[in-house]
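Protein chains: 2
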Amino acid sequence: MPRALSVLEKIVSSILSVMGLEEIAARASGQFRTTQSMVANGLRDAILSGVLAGGQPLRQEEIAESFGVSRSPVREALRQLEGEGMVAFIPHRGAVVSEISHYEVEEITEIRIALETMAMHKAIPLLEDDDLERAEEVLHRIDREEDLITYWSELNWRFHATLFAPAERPRLLALIKSQHDAFERYIRMHLALSDYEKPQSEHYELLDLCRKKDTDAILKLLTQHIENTSELLVTYIKDGKETGANGLAKNTS
Amino acid sequence: MPRALSVLEKIVSSILSVMGLEEIAARASGQFRTTQSMVANGLRDAILSGVLAGGQPLRQEEIAESFGVSRSPVREALRQLEGEGMVAFIPHRGAVVSEISHYEVEEITEIRIALETMAMHKAIPLLEDDDLERAEEVLHRIDREEDLITYWSELNWRFHATLFAPAERPRLLALIKSQHDAFERYIRMHLALSDYEKPQSEHYELLDLCRKKDTDAILKLLTQHIENTSELLVTYIKDGKETGANGLAKNTS
DNA sequence: GTATTGTATATTGGATGCAAAGTCAAGAAG
DNA sequence: CTTCTTGACTTTGCATCCAATATACAATAC
Numbered sequence: 230m231p232r233a234l235s236v237l238e239k240i241v242s243s244i245l246s247v248m249g250l251e252e253i254a255a256r257a258s259g260q261f262r263t264t265q266s267m268v269a270n271g272l273r274d275a276i277l278s279g280v281l282a283g284g285q286p287l288r289q290e291e292i293a294e295s296f297g298v299s300r301s302p303v304r305e306a307l308r309q310l311e312g313e314g315m316v317a318f319i320p321h322r323g324a325v326v327s328e329i330s331h332y333e334v335e336e337i338t339e340i341r342i343a344l345e346t347m348a349m350h351k352a353i354p355l356l357e358d359d360d361l362e363r364a365e366e367v368l369h370r371i372d373r374e375e376d377l378i379t380y381w382s383e384l385n386w387r388f389h390a391t392l393f394a395p396a397e398r399p400r401l402l403a404l405i406k407s408q409h410d411a412f413e414r415y416i417r418m419h420l421a422l423s424d425y426e427k428p429q430s431e432h433y434e435l436l437d438l439c440r441k442k443d444t445d446a447i448l449k450l451l452t453q454h455i456e457n458t459s460e461l462l463v464t465y466i467k468d469g470k471e472t473g474a475n476g477l478a479k480n481t482s
Numbered sequence: 230m231p232r233a234l235s236v237l238e239k240i241v242s243s244i245l246s247v248m249g250l251e252e253i254a255a256r257a258s259g260q261f262r263t264t265q266s267m268v269a270n271g272l273r274d275a276i277l278s279g280v281l282a283g284g285q286p287l288r289q290e291e292i293a294e295s296f297g298v299s300r301s302p303v304r305e306a307l308r309q310l311e312g313e314g315m316v317a318f319i320p321h322r323g324a325v326v327s328e329i330s331h332y333e334v335e336e337i338t339e340i341r342i343a344l345e346t347m348a349m350h351k352a353i354p355l356l357e358d359d360d361l362e363r364a365e366e367v368l369h370r371i372d373r374e375e376d377l378i379t380y381w382s383e384l385n386w387r388f389h390a391t392l393f394a395p396a397e398r399p400r401l402l403a404l405i406k407s408q409h410d411a412f413e414r415y416i417r418m419h420l421a422l423s424d425y426e427k428p429q430s431e432h433y434e435l436l437d438l439c440r441k442k443d444t445d446a447i448l449k450l451l452t453q454h455i456e457n458t459s460e461l462l463v464t465y466i467k468d469g470k471e472t473g474a475n476g477l478a479k480n481t482s
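Line order of the protein sequences matches chains A and B. Position one of the first sequence corresponds to residue 230 (the working numbering), numbered consecutively onward. Position one of the second sequence corresponds to residue 230 (the working numbering), numbered consecutively onward.
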């Protein structure tokens, strides 16, 4: 029992310490105007960061205590995440962090390729020097970043989102992000540092092709980029299944 | 006040009367094992059927009374629908049925074309006579159906889903359905009986091409089919905005 | 020894109560 | 006449309480 508490407390405090000002700003500027939204964001973060592993049961009382609130906002937060597909409810048994199989990884890969190539295709003719500069800036930040395990997800997304942005398709972007997220939490858990090198070099390649506005080559490389990630993930998931869900396994007693 | 109540009561009773045995079976077999899921399904139905129009505020107390429950399960149901994107919460002001603009219709159209042509493409080589027969059966039901305003949505979806099914992509299918749903509730509200004729004849055409396994022609027709729906919808939404369903005037910039 | 039934305990699901935020209209100030 | 303030009222958001359900384990029957 105290174990689970400490895990969540770590998340909460990590949000508060790592994000620091961002957190406080968000709170002030109306991002966290309700307890529910704070809990929802905290849990989402915890799931995406891999602290709460797939299949892990989410005890309402524990979560409530961790956040220092009652169960009502916790239940609402869980329901919202259910709607987002991040947790699954089993009636009278509670919520668990939803898992994806390697079949689903392959399915998501197809979806991502379809959606991302579309977004990219729409964005290419509208890409300005300004956008490309900002994208490159993100890549430099990745190069400089010491703690990639924590920040890869966010920076990687920011790079791709920057390239998609000129397309001005908010709904499409949201869809892509949700598919992205389904991947990233496994990425963060499993990948070693060396695994970041190849995608990062592909990022530079992609940026270069974007400068040349070579549509065909861009879409081809983007497709390849997604497929590479997918392959890595499938390997890790299959391995994990074989060896028996390591890491934060903390099931019965 | 009594107006909104009667509207919702109509929905609830229509679920109970129309579904009859199905409803009871569902309840017994675990579909509605909690009040929350009943309310969520009821509200989703009400929104998709257009009974609860876009922008309409959703008073928790009213809904709770309509369903004969307290506000707790109602709030949870609303949160779940928020996660699904069907309602939007404004802190301390409550939930409203989310709306889509004609910009969003155009965006969803692109997304639908990308996802549905992909699903169809994967399904074509796997289509069996059996599938085609079931699809045709649905079309006959549409021909026979008196109350298309109520049942078009469901039957139309069933037809397309039948053709997508052999692809065996549950996540993709779910994504397509959610984009579909974003359209259908406007369709149901706005379209006249005559508007169903063209899509239905396209359905027969599509089925015919599926029999011939003419991939290129199928994908082309499917794209056209989606675009036609989209155009109708854009017209109706623009008309609605112009003619004075002003209500909550929003982003026109 | 295995299967089944009954009971204790933990956990979820739902109802109720109360404080806080928001809304609206009437009246005062400019 | 318009704008701002004030206070009653509405509605939301959260905490607490109680009931319903599931799980684990022990006791009993076969």
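Where is the CB? At the ideal position from N, CA and C, for every residue including glycine.
Practice item. Assign A:A421 to one of two classes, buried (16 or more other C-beta atoms within 10 Å of its C-beta) or exposed (fewer than that). Key: exposed
Practice item. Under 6 angstroms Cβ to Cβ from A:R300, same chain only, skipping five residues before and after it: list those, please. Key: Q289, A293
Check your understanding: Taking C-alpha atoms, which residue in A:Y332, A:A269, A:G314 lies nearest to A:V463?
Key -> A:Y332
**Study point:** CB contact check: B:Q309 to chain A, cutoff 8 angstroms
**Key:** yes
Exercise for review: Please confirm if A:P395 has its CB atom under 8 angstroms from at least one CB of chain B.
Suggested key: no
Check your understanding: chain B beta carbons: is any one of them nearer than 8 angstroms to that of A:G312?
Key -> yes
Point to revise | 4 or more residues per run - each alpha helix (DSSP H) lying fully within the region 327 to 385 of chain A | key: 331 to 352, 358 to 373
Check your understanding: Which whole-angstrom value is the C-beta distance of A:A390 and A:L402, which I expect to be below 8 angstroms?
Key -> 7 angstroms
Point to revise | C-alpha gap between A:K427 and B:C439, whole angstroms | key: Answer to the nearest angstrom: the Cα atoms are 42 angstroms apart.
Exercise for review: Check B:E251 in the structure and name its three-state DSSP category.
Suggested key: Because the pLDDT at B:E251 is just 35, under 50, the model does not fix this residue reliably, and the value given afterwards should be weighed accordingly. If DSSP states are grouped into helix, strand and coil, B:E251 belongs with the helices.
Check your understanding: Assuming A:Q285 and A:L344 make a contact with CB atoms under 8 angstroms, what is their CB distance in whole Å?
Key -> Not a contact, Cβ separation roughly 29 angstroms.
Practice item. Determine the contact status of B:K326 and B:I276, defining contact as a CB-CB distance below 8 angstroms. Key: Correcting the residue identity first, residue 326 of chain B is Val in this sequence and not Lys. It is a contact, given that the beta carbons lie within the stated cut-off.
Review point. Whose C-alpha, out of B:R322, B:T338, B:G283, B:R262, is nearest the C-alpha of B:E456?
Key: B:T338
Point to revise | Whole-angstrom distance between B:A317 and A:R417, CA atom to CA atom | key: 31 angstroms
**Study point:** Any 3 or more C-beta pairs closer than 8 angstroms across the region 358 to 373 of chain B and the region 307 to 321 of chain B
**Key:** no
Review point. Hey, B:I466 and B:V334: beta-carbon distance below 8 angstroms or not?
Key: yes
Check your understanding: Mind pulling the chain B residues with CB within less than 7 angstroms of A:R304?
Key -> Around A:R304, the beta-carbon contacts reaching into chain B at under 7 angstroms are E305.
Review point. What residue range is occupied by the uninterrupted beta strand (DSSP E) comprising B:I316?
Key: According to the sequence displayed, residue 316 of chain B carries Val and not Ile. Run containing B:V316: 316 to 319, per the beta strand (DSSP E) assignment.
**Study point:** Opening and closing residue of the alpha helix (DSSP H) in which B:F412 lies
**Key:** 399 to 419
Exercise for review: Counting only runs of 4+ residues fully inside the region 261 to 310 of chain B, write out the alpha helix (DSSP H) ranges in chain order.
Suggested key: 264 to 277, 289 to 296
**Study point:** Residue-level contact to chain A via CB, B:M347, 8 angstroms cutoff
**Key:** yes
Point to revise | Interface residues of chain B facing A:T263 [CB-CB closer than 7 angstroms] | key: P320
Practice item. Could you tell me whether the Cβ of B:A390 comes closer than 8 angstroms to any Cβ of chain A? Key: no
Point to revise | Where the alpha helix (DSSP H) through B:R440 begins and ends | key: 426 to 441
Check your understanding: Who are the Cβ neighbours of B:A396 in its own chain at under 6 angstroms, not counting the five residues just before and after it?
Key -> A348, K351, A352
Check your understanding: Which partner residues of B:G323 appear in the DSSP bridge assignment?
Key -> B:I319
Check your understanding: Pick from A:E374, A:L436, A:Q429, A:R400: whose alpha carbon is nearest that of A:L392?
Key -> A:L436
Review point. If we count the other Cβ atoms within 10 Å of its Cβ and call it buried at 16 or more, is B:S423 buried or exposed?
Key: exposed
Exercise for review: Please say whether A:G312 and B:E305 have beta carbons closer to each other than 8 angstroms?
Suggested key: For B:E305 and A:G312, no; Cβs fall outside 8 angstroms.
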